[in-house]
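Residue numbers (my numbering), protein chains in the order written: chain C, 1 to 350; chain W, 1001 to 1350. Reading through the structure tokens given below for one structure.
Given below as structure tokens:
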């Protein structure tokens, strides 16, 4: 696939240089992922242990266990979530024109998910599934230190298949971004394969987030093959070191050797971008109070992807990611609550 | 009905003095109201006008209009709401033992409402309605100045009827508290009549909130009759002046002449309690930032009712109300996010 968009000094190859694209670029980022509504609840860490969940991770559970965990949780707040959906919501908040593909049911939470994404300005037309299963839910336990632990019941989200991937949408998107969580379901994997093929045929970029260290554990071999096809890779420290089974520096080298653009996040220590032989260290943006870290990685990806789609340089892209992550960890919920475009203007001077 | 609970210097009649109660007091407060899930969205005031809503008020709309308004709203946050339900959630957060009667459907939002109330510690056993209508929703538009404007689609909440009023629960509750919004539905009105009869037969207290100035407008004559039966009255300035069609001081006199205990709120100016010939002026509790005024009146009532049920004096009751209101306006959503009991201990010295 082609070279990355950039206006920076670090590479002079324009984004559209090698395109053989017949269709118009209507979307800057297309996200494909598990469509989930988050149920946020603040709890002490004792409950996480008692329920057999892994603190800071995302555990996939079947319906009965999801209900059992929900019964133990305190009063909740429901907010639309889903990793890639959070990312495209962030891109829209920056002022971009994203699209999304993901599966909800024709039920109340499905209606909430669809409303919120469209109201944010994301094109979302995946057909709702029949109501044999409900819309997926992610129980998000927010600890006193703002760490989030997830217990996900995919519900109908796992019915996403290749038939849901509209090739016209993929062809019209500058970057197609998928979450690693999709690898848990064979039909979703076929959907991704189809999307990548269409993107490749149209010289579009493809991006992947590794999503979760346990997800990496489950799919290490496949991910190692897959990232050879990926232009833009997102991972946090736990994920990238798990993937290459080595220390952070070596893992970053491995990622940089395989992907044109690797963005590696390290929480409060900021992020590292490796692209075209260059290294960019990006500081995290400080916040008054870290309320809830849910969505930090998703929103970091939003800033980076929006920057790349606009042809901004790697450092600016990373800084946009840091701005978006800082906004989302300063409140409950994984979607931006203020227009990110306004925060970005201070950085890009537009 | 009997005299109010008190440990203050202002009256020496104990709460239980004239009771002829056969059953145990299991609940301190029973709330009866419209069971609603709030959909909170931050919007500019222009949208409120454009949608024909009354800023600061609660407008009842049918399903089609609710959908039309929802389509215009930005991304939302779903949190369990409903005026009396917020109040009993507050009583539970203080450490009380409340119960609730209200109607949800056997759908996702009904499940969310039931979970949240029970998880907070409220006894809630009203049978879910058949799914001919959905669980009620209240679209809450939060303006930049934190004022909230509501657009309510009652859905199945309006099917609450006398058959839902379990007389054992009413008889076991020290105070039965109802919201004025119920007067919009004839069957809910019959439910209230039944609850008041049972309470009266068991020498329990009954409390009423006037809910909304437009609600008062719609039911002025009935409310004027009703408050003669009410021991404890809650109203804000707009509601009480509307009810008696006079200025605040005169309206407060009218309320005090009819109810044993009248608690009248005035936003940032605090509240006024009139009881047994005495007047108590209670200051509002300051907050760093007023984020969302949704639930301020409901939580004020929670503090007062919890105090009354415990036999605390009028000033302490008012101060507990002020504490609870301050907590709920400092974040998005109408239910407490920190245990109110901890805040109360600083005041009551328990």
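C-beta atoms are modelled at their ideal positions from N, C-alpha and C, and glycine is treated no differently. As the structure is a prediction and not an experimental result, all values here were calculated from the model.
Under 9 Å from the C-beta of residue i: neighbouring residues of chain C
| i | result |
| --- | --- |
| residue 1120(W) | 74 and 75 |
| residue 1180(W) | Correct list: empty, because the minimum Cβ distance to chain C is about 25 Å. |
Contact list for residue i against chain C, beta-carbon separation under 8 Å
| i | result |
| --- | --- |
| residue 1147(W) | Result: empty, since nearest Cβ-Cβ is about 18 Å, beyond 8 Å. |
| residue 1333(W) | 77 |
| residue 1134(W) | 108 |
| residue 1328(W) | The premise fails here: residue 1328(W) is roughly 13 Å from chain C at the closest Cβ pair, so nothing lies under 8 Å. |
| residue 1142(W) | Those within 8 Å of residue 1142(W) in chain C number zero; the least Cβ separation is about 11 Å. |
| residue 1063(W) | What residue 1063(W) touches in chain C: nothing, since even the nearest Cβ is about 13 Å away. |
Buried or exposed by the 16-neighbour rule on C-beta atoms within 10 Å, applied to residue i
| i | result |
| --- | --- |
| residue 346(C) | exposed |
| residue 8(C) | Caution is warranted here: a pLDDT of 34 is assigned to residue 8(C), below 50, making its placement in the model unreliable, and the coordinate value is therefore given only provisionally. By the 10 Å Cβ count, residue 8(C) comes out buried. |
| residue 63(C) | exposed |
| residue 257(C) | exposed |
| residue 1217(W) | exposed |
| residue 1250(W) | exposed |
| residue 42(C) | buried |
| residue 1010(W) | Bear in mind that the predicted position of residue 1010(W) carries a pLDDT of just 30, short of 50, making it unreliable; the figure below should be weighed with that in mind. Residue 1010(W) should be labelled exposed. |
| residue 1335(W) | buried |
| residue 1189(W) | buried |
| residue 148(C) | buried |
| residue 1279(W) | exposed |
| residue 1017(W) | For residue 1017(W), the predicted model reports a pLDDT of 40, less than 50, meaning its position is unreliable and no value from the coordinates is stated. |
| residue 144(C) | exposed |
| residue 1013(W) | Low confidence applies to residue 1013(W): its pLDDT is 33, below 50, so where it sits in the model is not reliable, and the reading given next is rough at best. So residue 1013(W) ends up on the exposed side. |
| residue 136(C) | buried |
| residue 314(C) | buried |
Boundaries (first-last residue) of the alpha helix (DSSP H) holding residue i
| i | result |
| --- | --- |
| residue 1137(W) | First-last for residue 1137(W): 1136-1142, but that is the beta strand (DSSP E), not the alpha helix (DSSP H). |
| residue 1174(W) | It is not in any alpha helix (DSSP H) - residue 1174(W) instead sits in the beta strand (DSSP E) that spans 1173-1179. |
| residue 343(C) | 340-348 |
| residue 1329(W) | 1314-1329 |
| residue 211(C) | Run containing residue 211(C): none; DSSP gives neither H nor E here. |
| residue 288(C) | Run containing residue 288(C): none; DSSP gives neither H nor E here. |
| residue 220(C) | 220-226 |
| residue 162(C) | Element bounds for residue 162(C): n/a, residue is neither H nor E. |
| residue 197(C) | 186-201 |
| residue 87(C) | 83-94 |
| residue 1335(W) | Element bounds for residue 1335(W): n/a, residue is neither H nor E. |
| residue 1249(W) | 1248-1258 |
| residue 64(C) | 63-72 |
Cross-strand partners of residue i (DSSP beta bridge)
| i | result |
| --- | --- |
| residue 1150(W) | 1058(W) and 1140(W) |
| residue 36(C) | 136(C) |
| residue 1280(W) | 1273(W) |
| residue 1050(W) | DSSP, once it has assigned bridges, lists no residue as partnering residue 1050(W). |
| residue 1101(W) | 1032(W) |
| residue 124(C) | 100(C) |
| residue 1041(W) | 1141(W) |
| residue 27(C) | 173(C) |
| residue 1206(W) | 1176(W) |
| residue 1129(W) | 1105(W) |
Span of the beta strand (DSSP E) around residue i
| i | result |
| --- | --- |
| residue 233(C) | 232-236 |
| residue 264(C) | 261-265 |
| residue 299(C) | Residue 299(C) -> not in any beta strand (DSSP E); alpha helix (DSSP H) instead, spanning 296-309. |
| residue 78(C) | 77-80 |
Chain W residues whose Cβ lies nearer than 7 Å to that of residue i
| i | result |
| --- | --- |
| residue 116(C) | 1075 and 1076 |
| residue 156(C) | By Cβ distance, chain W contributes nothing, its closest Cβ being about 12 Å from residue 156(C), past 7 Å. |
| residue 83(C) | The premise fails here: residue 83(C) is roughly 16 Å from chain W at the closest Cβ pair, so nothing lies under 7 Å. |
| residue 230(C) | Near residue 230(C) there are no residues of chain W at all, since even the closest Cβ is about 29 Å away, more than 7 Å. |
Proximal chain C residues relative to residue i, where beta-carbon distance stays under 7 Å
| i | result |
| --- | --- |
| residue 1107(W) | 108 |
| residue 1290(W) | Residues of chain C passing the Cβ test: none, with the nearest at roughly 16 Å. |
Cross-chain neighbours of residue i in chain D, by beta carbon under 7 Å
| i | result |
| --- | --- |
| residue 70(C) | Absent from the structure: chain D. Protein chains present are C and W. |
Chain-ordered chain W contacts of residue i [CB-CB under 9 Å]
| i | result |
| --- | --- |
| residue 187(C) | Ordered by position in chain W, no residue passes the 9 Å Cβ test against residue 187(C), which lies about 24 Å from the chain. |
| residue 91(C) | Correct list: empty, because the minimum Cβ distance to chain W is about 14 Å. |
Where residue i meets chain W, residues with beta-carbon distance less than 8 Å
| i | result |
| --- | --- |
| residue 88(C) | Chain W residues near residue 88(C): none, gap ~12 Å exceeds 8 Å. |
Inset, instruction - For the segment 90-110 of chain C and the segment 124-143 of chain C, state whether three or more C-beta atom pairs, one from each stretch, are separated by less than 8 Å. - result: yes
Legend entry - Inter-stretch contact at 8 Å, needing at least 3 Cβ pairs: the segment 1061-1080 of chain W / the segment 1170-1177 of chain W: no
Inset, instruction - Check whether the segment 1322-1333 of chain W touches the segment 1275-1290 of chain W, counting contact only when three or more Cβ pairs, one atom from each stretch, lie closer than 8 Å. - result: yes
Inset, instruction - Please determine if the segment 186-204 of chain C and the segment 260-271 of chain C are in contact, where contact requires at least 3 C-beta pairs separated by less than 8 Å. - result: no
Legend entry - the segment 1307-1318 of chain W contacting the segment 1107-1120 of chain W, beta-carbon criterion three pairs below 8 Å: no
Legend entry - Cβ pair count under 8 Å reaching 3, the segment 24-32 of chain C against the segment 84-95 of chain C: yes
Legend entry - Three or more C-beta pairs below 8 Å linking the segment 220-230 of chain C and the segment 201-209 of chain C: yes
Legend entry - the segment 152-163 of chain C in contact with the segment 178-194 of chain C per 3-pair CB rule at 8 Å: yes
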